[in-house]
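In this note's numbering, the protein residues as written are -2 to 261. All residues carry an ideal CB built from backbone N, CA and C; glycine is no exception.
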Amino acid sequence: MSDFKALRVLFKSPVTDDMIRFLTNTTLRVIPCAKESRSTYPSPPASPSESGKRSLPSLMTFITRLVRYTNVYTSTLLTATCYLHKLQKILPKDAHGLPSTSHRIFLACLILSAKYHNDSSPQNKHWAEYTDGVFCLEDVNLMERQLLQLLNWDLRVEEPMLCDSLEPLLEPIRYDLERSRKIMARNQYHQRNMSASSSTSTLVGTPSLQALKSLPALPKLPSLPRLASWSSISTPKTLPNKLAPQLDSSNIYTRSDYSTATLV
């Protein structure tokens, strides 16, 4: 699942310089090629088909121009890596190429990737124009047919093959996804703990309960003597004078007010 997510992130990303460097190094490993000769000795005149061709640029410059001219999708561009790896396994170990072989190999792989994985793609005459005169239409047609024959017309690309071919580009994306997952899980864990602690404090440590616990003990009221005939007395005015000090109405109301105010 992590490989699938990383692959989706990679394919939705714009083409970067790191991707172009990766494609350049992958193409150069397919077959060793001779460097372009820059000898100052006289050389025979060029044939008519080669007279209009421009000098061969570096492979990285060549790939960069193709990407800029075609505005190719990232998925189409990187899927060409699978064909490069297939071709590397097919070619003999002692095979050597010309200075333009790496350019031809990459262009052919990109053309097949665009035609196989897209409903519409540029025609070969357009691909020849995208090379800035390095290759003509006949060259493009020839390299496409040769690559199809080497691959036995099998252009299928599956997810495991993509993950293996693009591992250097997928590794940092997987690391970022895993780090983001851990950060999200840690934040969710802290949020759950905070919500649980807040709910516990609401139930146990409410201000009303704490206030009640901190109140001092209420003083006990003095006990009144039992009056056997209290129910038979109609008003307090008929009480004997000896009970008057103990039934001082002001003292009773004051203490009652204090206890009531404290509770409320």
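Closest to residue i by CA distance: which of the options is it?
i, options, result
"Arg62", "Ile17, Ala31, Asn138, Leu75", "Ile17"
"Lys90", "Thr24, Asn184, Pro29", "Pro29"
"Leu56", "Asn68, Glu156, Arg101, Ile180", "Arg101"
"Leu104", "Ala92, Leu75, Ser(-1)", "Leu75"
"Gln143", "Met191, Cys106, Asn190", "Cys106"
"Tyr66", "Ala125, Pro169, Glu164, Met158", "Ala125"
"Ala92", "Leu25, Thr128, Trp150", "Leu25"
"Tyr70", "Lys32, Ile170, Lys112", "Lys112"
Classify residue i as buried or exposed, calling it buried when 16 or more other Cβ atoms lie within 10 Å of its own Cβ.
i, result
"Leu95", "exposed"
"Ile87", "exposed"
"Pro11", "exposed"
"Glu141", "buried"
"Ser177", "exposed"
"Ser110", "buried"
"Tyr80", "buried"
"Ser44", "Its pLDDT being 45, under 50, Ser44 is placed unreliably in this model, and the value from its coordinates should be taken loosely. So Ser44 counts as exposed."
"Ile180", "exposed"
Report yes if the CB atom of residue i is closer than 9 Å to the CB atom of residue j, and no otherwise.
i, j, result
"Thr98", "Leu20", "no"
"Leu152", "Leu84", "no"
"Pro162", "His82", "The sequence shown places Ser at residue 162, not Pro. Contact flag set, yes."
"Val6", "Leu174", "yes"
"His123", "Ser72", "no"
"Asp15", "Leu166", "yes"
"Ile108", "Ser117", "no"
"Glu156", "Phe1", "yes"
"Leu4", "Leu159", "yes"
"Arg51", "Val154", "no"
"Thr13", "Phe59", "no"
"Val137", "Asn149", "no"
What residue does the alpha helix (DSSP H) around residue i start on, and which one ends it?
i, result
"Leu147", "134 to 147"
"Leu159", "156 to 162"
"Val64", "56 to 67"
"Trp124", "121 to 127"
"Val6", "-1 to 9"
"Asn22", "14 to 25"
"Tyr80", "71 to 87"
Checking the sheet assignment: what are the DSSP bridge partners for residue i?
i, result
"Gly94", "Cys30"
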